[in-house]
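Chains as they are written, first to last, in our numbering: chain B, 1 to 229; chain Y, 1001 to 1229. Think of the CB as a built atom: it goes at the ideal place given N, C-alpha and C, for glycine as much as any other residue. Since this is a predicted model, take the numbers as computed values, not measurements. Shown next, in structure tokens, is the structure this report addresses.
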DNA sequence: CGGCGCCTTGAACCAAGTCAAGCTCTGTGG
DNA sequence: CCACAGAGCTTGACTTGGTTCAAGGCGCCG
């Protein structure tokens, strides 16, 4: 068990730097530095909760390695995933006093936590830092709006858009999906069966190739882009 | 024409103060004050553009009176409304260098515009103001996420939620809807026909009453709330 | 190598969309 | 003041994209 964790940890650390490099190209240097100096690392193993809706929100999070899902479960049992976070992403920006979403690690993950009051104190003295916090929030708002608009489209278009988004965020044409079909379905407002069917359809049209069910190679990017425009 | 504008202007000014009172209960006093002193009013008549997607974003907006829709038009002609703004709401928070959405006045409207660089300069010197800008952004992010989650639900639930939201935002059980069925449809990811059908259904179940098609009285709030939980 | 969870595929069903016709409200001009 | 025109709203009949339910298949881990 300990050994397994260590192996996962190492694997994630390797992924970390490529991920972080991509996500923070000196653009939010102050924010990353502030989080690294004022924050502390915490390790979350696969499928464990990071925080739950309605709990008091004390920290701001930056994912260092792994992957995270943010979701709500509605009365009738449906689960709606509002976002996936990848290394370099800052999350829980939407919290007020309390968390409005729950989050879980999808795979073993390392996150940097910083107390909200600590970062706000720093930001009050450093306009550059405050600016970057603000920018993180507007970025997240844009992402949320984009996603919202996506939910009005056909299943095939949603998947195409999801794959392109993942490719862009991991900076690679061969996308590794850490999450299950059910996760993707709950994110795109579709069932896991529809996700399967559409991936099969995209593969038979030559747009993608599926060596394994978690590994997706974007064969014909133009074909995918045509679907999302 | 001029007379018509004046009449509309007066009508809106009356609505203004009730609306603003509700929306800004001293919570973002600094922000409102800053916008009032550093900004300037602009009048938009019904169905005119406030700004268009991809144009350079120079201002931050606060709606004083009227109603605004923010939307995107996608390739195939569908229009997707991402938000409605009511008096007191601050909008265009999601803009980076350029607008990512277009906005139009739904009815004759009065907005307060302030240059982004001006408000950022003020905010760099006033942590309280910066804090309020930040809060506006996280609020908008929460709203956007809520809306996103709504789009995965049944038509009847979406309408119920929309009516409750409107009731809450206008602080009244008798909701006046400034927007058309088509607007509501584009906001909720439904057709205008479905909006009509569901409103009829809600009326015959006794949840609401429709004296006119723009005026909706919430008869049985519990019944509506039961649908949205 | 065997079992379990996840993924895929098929068939029947259903919520919402589309198309079309009629209705209502509002504004305009006689 | 009323008749009329046009836009927007409502309602009905039919279609369809996606879900549901169910049966296999695959791969991963012990």
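Legend entry - Test item: CB-CB of residue 1061 (chain Y) and residue 1092 (chain Y) under 7 Å: On the second chain, residue 1061 (chain Y) is found 61 positions in, with the first residue counted as 1. On the second chain, residue 1092 (chain Y) is found 92 positions in, with the first residue counted as 1. Cβ atoms of residue 1061 (chain Y) and residue 1092 (chain Y): closer than 7 Å.
Inset, instruction - Consult DSSP for residue 210 (chain B) and reduce its assignment to one of helix, strand or coil. - result: Sequence index remark: in the first chain, residue 210 (chain B) carries index 210 (1-based). Judged by DSSP in its simplified three-state form, residue 210 (chain B) adopts strand.
Inset, instruction - Name the two residues that bound the continuous beta strand (DSSP E) containing residue 176 (chain B). - result: The residue you call residue 176 (chain B) lines up with position 176 of the first chain. Taken as a continuous stretch (DSSP letters only), the beta strand (DSSP E) holding residue 176 (chain B) covers 174-176.
Legend entry - Beta-ladder partner(s) of residue 33 (chain B), from DSSP: Looking up residue 33 (chain B) in the first chain gives position 33. Paired residues: none, contrary to the question.
Inset, instruction - Verify the CB distance criterion: does residue 1024 (chain Y) have a CB-CB separation below 7 Å to chain B? - result: Numbered from 1 along the second chain, position 24 holds the residue referred to as residue 1024 (chain Y). For residue 1024 (chain Y), the predicted structure reports a pLDDT of 48, less than 50, and the residue's modelled location is therefore unreliable. The matter cannot be settled from this model.
Legend entry - Supposed close pair residue 118 (chain B), residue 57 (chain B) - CB separation, criterion 8 Å: Along the first chain, one-based indexing puts residue 118 (chain B) at 118. Along the first chain, one-based indexing puts residue 57 (chain B) at 57. Contact doesn't hold; Cβ gap of about 13 Å is too wide.
Inset, instruction - Below 7 Å CB to CB, which residues in the same chain sit around residue 200 (chain B) once its five sequence neighbours on both sides are set aside? - result: Translated into positions along the first chain, residue 200 (chain B) becomes position 200. No residues qualify anywhere along the chain.
Legend entry - Inter-residue Cα distance where the pair is residue 204 (chain B) and residue 157 (chain B): What you label residue 204 (chain B) is simply residue 204 of the first chain in a count that begins at 1. What you label residue 157 (chain B) is simply residue 157 of the first chain in a count that begins at 1. Roughly 16 Å separates the two Cα atoms.
Inset, instruction - Decide if the stretch 1095-1114 of chain Y is in contact with the stretch 1067-1084 of chain Y; the criterion is three or more beta carbon pairs, one per stretch, under 8 Å apart. - result: Yes: the two stretches touch, three or more of their Cβ pairs being nearer than 8 Å.
Inset, instruction - Check each candidate in Y:1078, Y:1128, Y:1046 and name the one with the smallest Cα separation from residue 1191 (chain Y). - result: Within the second chain, numbered from 1, the residue matching residue 1191 (chain Y) stands at position 191. Residue 1191 (chain Y) has its Cα closest to that of Y:1078, out of Y:1078, Y:1128, Y:1046.
Legend entry - Sequence-distant residues of its chain with Cβ nearer than 6 Å to residue 174 (chain B) (five each side left out): Here residue 174 (chain B) is taken as the residue at index 174 of the first chain, counted from 1. These residues qualify, in order along the chain: 217.
Legend entry - Pick from B:185, B:134, B:64 that is closest to residue 196 (chain B), judged by C-alpha positions: Here residue 196 (chain B) corresponds to residue number 196 of the first chain, with the count starting at 1. Of the listed residues, the one whose Cα sits closest to residue 196 (chain B) is B:185.
Inset, instruction - Could you check what DSSP says for residue 1187 (chain Y) in three-state terms: helix, strand or coil? - result: Locating residue 1187 (chain Y) in the second chain gives position 187, where the first residue counts as 1. Note: residue 1187 (chain Y) maps to helix in three-state DSSP.
Inset, instruction - Would you mind telling me which residues of chain Y sit closer than 9 Å to residue 269 (chain B), beta carbon to beta carbon, in chain order? - result: A question about residue 269 (chain B) goes unanswered here, because the residues of chain B that appear run from 1 up to 229.
Legend entry - Length-filtered (3 minimum) beta strand (DSSP E) runs lying within the stretch 1079-1165 of chain Y: 1079-1085, 1102-1105, 1109-1115
Legend entry - Buried or exposed by the 16-neighbour rule on C-beta atoms within 10 Å, applied to residue 1215 (chain Y): Position 215 of the second chain, counting from 1, holds the residue named residue 1215 (chain Y). Exposed, because fewer than 16 other Cβ atoms sit within 10 Å of the Cβ of residue 1215 (chain Y).
Inset, instruction - Give every residue of the same chain whose Cβ lies closer than 8 Å to the Cβ of residue 1081 (chain Y), excluding the five residues on either side of it in the sequence, and list them in chain order. - result: Within the second chain, numbered from 1, the residue matching residue 1081 (chain Y) stands at position 81. Taken in chain order, the residues that qualify are 1069, 1070, 1071, 1183, 1186, 1187.
Legend entry - Pairwise C-alpha distance: residue 47 (chain B) and residue 1053 (chain Y): Locating residue 1053 (chain Y) in the second chain gives position 53, where the first residue counts as 1. Locating residue 47 (chain B) in the first chain gives position 47, where the first residue counts as 1. Their Cα atoms are separated by approximately 39 Å.
Legend entry - Among B:51, B:143, B:228, nearest to residue 98 (chain B) - alpha-carbon criterion: Here the question's residue 98 (chain B) lines up with position 98 in the first chain. Among B:51, B:143, B:228, the Cα nearest to that of residue 98 (chain B) belongs to B:51.
Legend entry - Members of the stretch 1050-1077 of chain Y that neighbour chain B once the beta carbon cut-off is set at 7 Å: Those would be 1072, 1075, in chain order.
Legend entry - Residue environment, residue 1211 (chain Y), which counts as buried when at least 16 other CB atoms sit within 10 Å: Within the second chain, the letter at position 211 stands for residue 1211 (chain Y). Exposed.
Legend entry - Neighbour list for residue 138 (chain B) in chain Y, Cβ cutoff strictly below 8 Å: Numbered from its first residue, the first chain carries residue 138 (chain B) at position 138. Within 8 Å Cβ-Cβ: 1093, 1094, 1095, 1096, 1137.
Inset, instruction - Report the partner residues of residue 1049 (chain Y) according to the DSSP bridge assignment. - result: Position 49 of the second chain, counting from 1, holds the residue named residue 1049 (chain Y). Answer is Y:1104, bridged to residue 1049 (chain Y).
Inset, instruction - Just mark residue 145 (chain B) as buried or exposed, buried being the case when its beta carbon has 16 or more other beta carbons within 10 Å. - result: Start at 1 with the first residue of the first chain, and residue 145 (chain B) comes out as number 145. Buried is the call here.
Inset, instruction - Pull up the distance between the alpha-carbon of residue 1129 (chain Y) and that of residue 1095 (chain Y), whole angstroms please. - result: Reading the second chain from its first residue, position 129 is the one you call residue 1129 (chain Y). Reading the second chain from its first residue, position 95 is the one you call residue 1095 (chain Y). Rounded to whole angstroms, residue 1129 (chain Y) to residue 1095 (chain Y) spans 19 Å at the Cα level.
Legend entry - Min CB distance residue 1100 (chain Y) to chain B below 7 Å: In the second chain, counting from the first residue as 1, residue 1100 (chain Y) sits at position 100. At least one chain B Cβ lies under 7 Å of residue 1100 (chain Y).
Legend entry - residue 41 (chain B) versus B:137, B:121, B:122, B:65, residue with shortest Cα-Cα distance: Here residue 41 (chain B) corresponds to residue number 41 of the first chain, with the count starting at 1. Ranking the options by Cα distance to residue 41 (chain B), first place goes to B:65.
Legend entry - Against chain B: residues of the stretch 1201-1222 of chain Y by CB proximity under 9 Å: Residues of the stretch 1201-1222 of chain Y with a Cβ closer than 9 Å to any Cβ of chain B: none.
Legend entry - Local conformation of residue 69 (chain B) per DSSP, three classes: Sequence index remark: in the first chain, residue 69 (chain B) carries index 69 (1-based). Correct three-state label for residue 69 (chain B): strand.
Inset, instruction - Within 10 angstroms of the Cβ of residue 226 (chain B), are there 16 or more other Cβ atoms? Answer buried if so, exposed if not. - result: Stepping through the first chain from its first residue, residue 226 (chain B) is reached at position 226. Residue 226 (chain B) comes out exposed.
Inset, instruction - Could you work out which residue in B:89, B:28, B:107, B:36 is closest to residue 45 (chain B) when comparing CA atoms only? - result: In the first chain, residue 45 (chain B) corresponds to position 45, counting from 1. Measuring from the Cα of residue 45 (chain B), the nearest candidate turns out to be B:107.
Legend entry - Between the CA atoms of residue 134 (chain B) and residue 1122 (chain Y) - distance to the nearest angstrom: The count along the second chain starts at 1 and reaches residue 1122 (chain Y) at position 122. The count along the first chain starts at 1 and reaches residue 134 (chain B) at position 134. One C-alpha to the other measures close to 15 Å.
Inset, instruction - Please check if any C-beta of chain Y sits within less than 7 Å of the C-beta of residue 198 (chain B). - result: For the purposes of this step, residue 198 (chain B) is taken as the residue at position 198 of the first chain. Not one chain Y Cβ lies under 7 Å of residue 198 (chain B).
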